[in-house]
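There are 2 protein chains.
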Amino acid sequence: MNQLELVRELAEQATSKIVMLVADGLGGLPLAAGGKTELETAATPNLDRLAARGTSGSSIPVLPGITPGSGPGHLGLFGYDPLEFKIGRGALEATGIGFELGPDDVAARGNFCTLDAAGLIADRRAGRIASEESFQVVERLQAVKIPGVETFVKPVKEHRFVVVFRGQGLDGRVADTDPQAVGVAPLDPHAVVPAAARTAEVAQEFVRQARQILAAEPKANGMVLRGFAAKPQLPGYAELYGLRAAAIAVYPMYKGLARLAGMTLVGKAQSLDEQIDELARHWEEFDFFFLHFKYTDSTGEDGNFAEKVRRIEELDRALPRIEALRPDVLIVTGDHSTPSRLQSHSWHPVPTLLVADTCRPDGLAGFSERDCLRGGFGIFPAKHLMLLAMAHAGRFGKFGA
Amino acid sequence: MNQLELVRELAEQATSKIVMLVADGLGGLPLAAGGKTELETAATPNLDRLAARGTSGSSIPVLPGITPGSGPGHLGLFGYDPLEFKIGRGALEATGIGFELGPDDVAARGNFCTLDAAGLIADRRAGRIASEESFQVVERLQAVKIPGVETFVKPVKEHRFVVVFRGQGLDGRVADTDPQAVGVAPLDPHAVVPAAARTAEVAQEFVRQARQILAAEPKANGMVLRGFAAKPQLPGYAELYGLRAAAIAVYPMYKGLARLAGMTLVGKAQSLDEQIDELARHWEEFDFFFLHFKYTDSTGEDGNFAEKVRRIEELDRALPRIEALRPDVLIVTGDHSTPSRLQSHSWHPVPTLLVADTCRPDGLAGFSERDCLRGGFGIFPAKHLMLLAMAHAGRFGKFGA
């Protein structure tokens, strides 16, 4: 019996409310030996007070030593094993720009390139084409018509775009067409398995028509396609946990990830304060709220230690407004660590805190990487966090008699 | 997706160096209630200093409560699941005496025994025959000739020897011939599965010829064969991790285990100092170095607490010479615990330390069983250690986007 089967068997209805506040990239590192991490540096009176009431731990997003992208990081927090459920690159890119993938869709990432007179790649980034210019090129591609298939072409940034094919029986197992070199022609899309033969034909036809349409473009007269992928089949929050789940996020990527798990997107908040406004506004309609805070990650990616500290303090100050709603379970965690020192995601465990009336005290007086090592949840796989959320919310029955 | 598939997907090339120093049987127990373990008793200023810089934890070789032999203990440290990959007894015995098994080999452990006039076992250890005497008996068995198969017979100790059959299509699934009793005849080798039928015939022919050759021996006129096994198929370090891996060990068993993982044996060191000489000499040629230190285990097996303490202190004094090479990742661990009090391997977790610039501090000031319980890696499966080594060495890409 795996975790999802167990969840399905034990989930029970209740009136309790769960708030999961995800501070993206929360965990950090000291800048120098003997120093403090961003979280240890920040003044976090509210987190410290909540840590004294709740139970803490260090969550491992995938496995020790494994640095996750946003996709696997959030899948773990939502209770899916990130080694079992994968979100293909094309599906993630489509998700990231807010395109709502359906069950009959196959998405791919596209890069415009410049082809020479012989059809060989002369520039793999289409002369570093500006977004404004490439958006117009994308617009021209709306003219592509493929019988029996609906085609969506969406801009991303600069030379990057997304193409989605929608039709019966499509299959994501089509090979990349990027030869990863200049002076050679883009590859033809071809099926990796027989079931994807039709999808490969559709992609070939798309490329053929696109080449005609773009023949006179000075920069973006060719393209390569990568990361073909269908929407991952995740059992949703309602079916799994019996939870009406809402996502309150600012950025499309996280909205998309939440939608893959069957959450409902609410509001158009642009700040944490506005996100909490939405939380209050929709409090009665939902049982579970995923709040995503991006800036602990982006400041880490920028290598801006001081600004990450400031963003953690901003998050801390917002907590009393969430507490005022009296959630039965309040979780503060991250999808991975993003130490400013590394300017990237990392494999280090993520400080995690759960506050509920049924928490067993673990004797901590603060919330930080070092504190969490001594927390009552120990060092645990992130995919177990939803089990703890459900338990502390009184939403699980007993396993076995 | 399992751990090895994940490793293959994420491993990237880098110039970093990893040193894994395995103090065999490192973990211990106090001799009496309220006392200290061997490691806690030893003066280890270098380990303590490194623990303050690095991250520590307690590694579980197989599963809690499971006492491993050297084979499973090292498989875990090398990143293979010891419950999935098994080294058959015959293959391990051959490895332990330094016999290099090939892909067409099946090895078995042999015991000489004394047969009476009716062919029944009168003495299961051939009258406790001395090694010098049995080595001569083994020498006489070199005369066995089996068509289509190359046969190797190698002495081990006293009544024990190893036989290896080399030929196309051999299969280790042949049953033991040891009836585990006196007054009965040795069993005939027989195949457990049809695919091993030819191997069973080869073994029968070996026993038939050996009986003729040894008919006049006063003690070793018969034999039983046990633990038939082919070489385990482990994906190697180069293929898995992209690491050029070297093993610097004194004893044949550990050299053999390293060779099974695709490591290159370097040098003929007989002491830890000489092992570090070899490490320095081959520093540029390899990315990963496995150094094996036997005496923390052998002193534990002897029940010699004071001598195990002394050996730990010897190891500690050697560390600055390793540090002087500036490895990017330095690991000190053991393959299992060998408490002097138990005079045997045990199931207790193994103190483990990893030192790298990207370590998150865990607030420890010393290296011991008790300290490691509070370390940043927590209590973790030994098979995860290589994931942590690769991550801290900057040799893993990001998992998912």
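Those protein sequence lines, which keep their order, are chains A and B. Following the working numbering from start to finish, the first sequence increments by one per residue and tops out at 420. Following the working numbering from start to finish, the second sequence increments by one per residue and tops out at 420. Cβ coordinates follow ideal geometry from the N, Cα and C atoms, glycine included. Fair warning: this is a prediction, and the values are worked out from it, not measured in the lab.
Report the residue from the options whose alpha carbon sits nearest the alpha carbon of residue i.
| i | options | result |
| --- | --- | --- |
| A/LYS36 | A/PHE308, A/ALA214, A/PRO339 | A/PHE308 |
| A/ARG227 | A/VAL163, A/PHE154, A/HIS93, A/GLY395 | A/VAL163 |
| A/LEU338 | A/ALA70, A/THR218, A/GLU28, A/LEU120 | A/ALA70 |
| A/THR283 | A/SER290, A/GLN289, A/GLY275 | A/GLY275 |
| B/LEU48 | B/THR371, B/SER363, B/ARG379 | B/SER363 |
| B/LYS287 | B/ARG414, B/ALA265, B/LEU23, B/ARG245 | B/ALA265 |
| B/THR170 | B/VAL182, B/SER356, B/LYS176 | B/VAL182 |
| A/THR315 | A/GLY353, A/GLY117, A/ALA216, A/GLU224 | A/GLY353 |
| A/TRP366 | B/GLU326, B/MET409, B/ASP381 | B/MET409 |
| B/THR357 | B/LEU40, B/ARG27, B/LEU45, B/LYS417 | B/LEU45 |
| A/LEU259 | A/GLY84, A/SER75, A/PHE415 | A/PHE415 |
| B/HIS93 | B/GLY54, B/LYS327, B/ARG143, B/ALA42 | B/ALA42 |
| B/PHE386 | B/LYS55, B/LEU50, B/GLN32 | B/LYS55 |
| B/ARG336 | B/VAL172, B/LEU66, B/GLY121 | B/LEU66 |
| B/VAL203 | B/SER89, B/ASP142, B/ALA235 | B/ASP142 |
| B/LEU383 | A/SER317, A/SER89, A/GLY53 | A/GLY53 |
| A/GLY117 | A/VAL269, A/HIS355, A/PRO380 | A/VAL269 |
| B/ASP381 | B/MET20, B/LEU23, B/GLY73 | B/GLY73 |
| A/ALA229 | A/PRO346, A/VAL157, A/LYS105 | A/VAL157 |
| A/LEU361 | A/ARG379, A/PRO370, A/GLU320, A/VAL348 | A/GLU320 |
| B/SER317 | B/GLU342, B/PRO346, B/HIS355 | B/HIS355 |
| B/ALA239 | B/ILE140, B/LYS173, B/MET272 | B/ILE140 |
| B/ASP195 | B/ASN130, B/PHE399, B/VAL168 | B/ASN130 |
| A/ALA62 | A/GLU326, A/LEU404, A/PHE399, A/ALA343 | A/GLU326 |
| A/GLY84 | B/VAL172, B/SER89, B/GLY98 | B/GLY98 |
On the DSSP letters alone, give me the boundaries of the beta strand (DSSP E) that residue i sits inside.
| i | result |
| --- | --- |
| B/GLY76 | 74 to 79 |
| B/PHE399 | 397 to 400 |
| B/LYS173 | 169 to 176 |
| B/ALA268 | Counting along the chain, B/ALA268 falls outside any beta strand (DSSP E), and DSSP gives it neither H nor E. |
Span of the alpha helix (DSSP H) holding residue i?
| i | result |
| --- | --- |
| A/MET242 | It is not in any alpha helix (DSSP H) - A/MET242 instead sits in the beta strand (DSSP E) that spans 241 to 249. |
| B/VAL157 | 150 to 159 |
| A/ILE341 | 324 to 342 |
| A/ILE116 | Where A/ILE116 is concerned, there is no enclosing alpha helix (DSSP H), given that its DSSP letter is neither H nor E. |
| A/CYS421 | In the structure displayed, chain A extends from 20 to 420; residue 421 of chain A sits before or after that span and is not available. |
| A/ARG147 | Per DSSP, A/ARG147 belongs to no alpha helix (DSSP H) and is neither H nor E. |
| B/ASP292 | 291 to 300 |
| B/TYR260 | 256 to 260 |
| B/THR218 | 216 to 232 |
| A/ARG389 | 388 to 392 |
| A/LEU58 | 57 to 60 |
What are the partner residues of residue i, as DSSP defines its beta bridges?
| i | result |
| --- | --- |
| A/ILE85 | DSSP, once it has assigned bridges, lists no residue as partnering A/ILE85. |
| A/HIS311 | A/VAL41 |
| A/SER356 | A/LEU45, A/SER365 |
| A/ALA127 | A/VAL182 |
| A/THR133 | A/ASP142 |
| B/THR371 | B/GLY76 |
| B/VAL348 | B/ILE37 |
| B/THR283 | B/ALA265 |
| B/ALA210 | B/VAL193 |
| B/PHE418 | A/PRO87 |
| B/ILE106 | In DSSP, B/ILE106 forms no bridge with anything. |
| B/ALA30 | B/PHE415 |
| B/ILE165 | B/VAL168 |
Since residue i contacts residue j with CB under 8 Å, what's their CB separation in whole angstroms?
| i | j | result |
| --- | --- | --- |
| B/CYS132 | B/GLY241 | 5 Å |
| B/GLY261 | B/ALA280 | At roughly 14 Å, the Cβ-Cβ gap does not stay under 8 Å, so B/GLY261 and B/ALA280 are not in contact. |
| A/ILE232 | A/ARG147 | Not quite, the Cβ-Cβ distance comes to about 22 Å (not below 8 Å), so this is no contact. |
| B/LEU102 | B/PHE418 | Contact flag wrong, Cβ pair sits at about 24 Å. |
| A/THR218 | A/LEU244 | In fact, because the Cβ distance is near 11 Å, the residues do not count as touching under 8 Å. |
| B/PHE305 | B/ARG263 | 5 Å |
| A/PRO80 | A/PRO91 | 7 Å |
| A/GLU297 | A/VAL285 | 5 Å |
| A/ARG185 | A/GLY121 | 6 Å |
| B/LEU40 | B/VAL351 | 5 Å |
Any contact of the stretch 374 to 385 of chain A with the stretch 330 to 337 of chain A, i.e. 3+ C-beta pairs under 8 Å?
-> With the cut-off at 8 Å, the stretch 374 to 385 of chain A and the stretch 330 to 337 of chain A do not touch.
Assess, as a yes-or-no matter, whether the stretch 112 to 130 of chain B is touched by the stretch 242 to 250 of chain B under the definition of 3 or more beta carbon pairs within less than 8 Å.
-> Taking a contact to require three or more Cβ pairs closer than 8 Å, the stretch 242 to 250 of chain B and the stretch 112 to 130 of chain B qualify as touching.
Three or more C-beta pairs below 8 Å linking the stretch 108 to 120 of chain B and the stretch 379 to 396 of chain B | They do not touch, by the three-pair rule.
Contact between the stretch 90 to 109 of chain A and the stretch 197 to 212 of chain A (3+ Cβ pairs under 8 Å) = Contact between the stretch 90 to 109 of chain A and the stretch 197 to 212 of chain A is absent, because fewer than three Cβ pairs lie under 8 Å.
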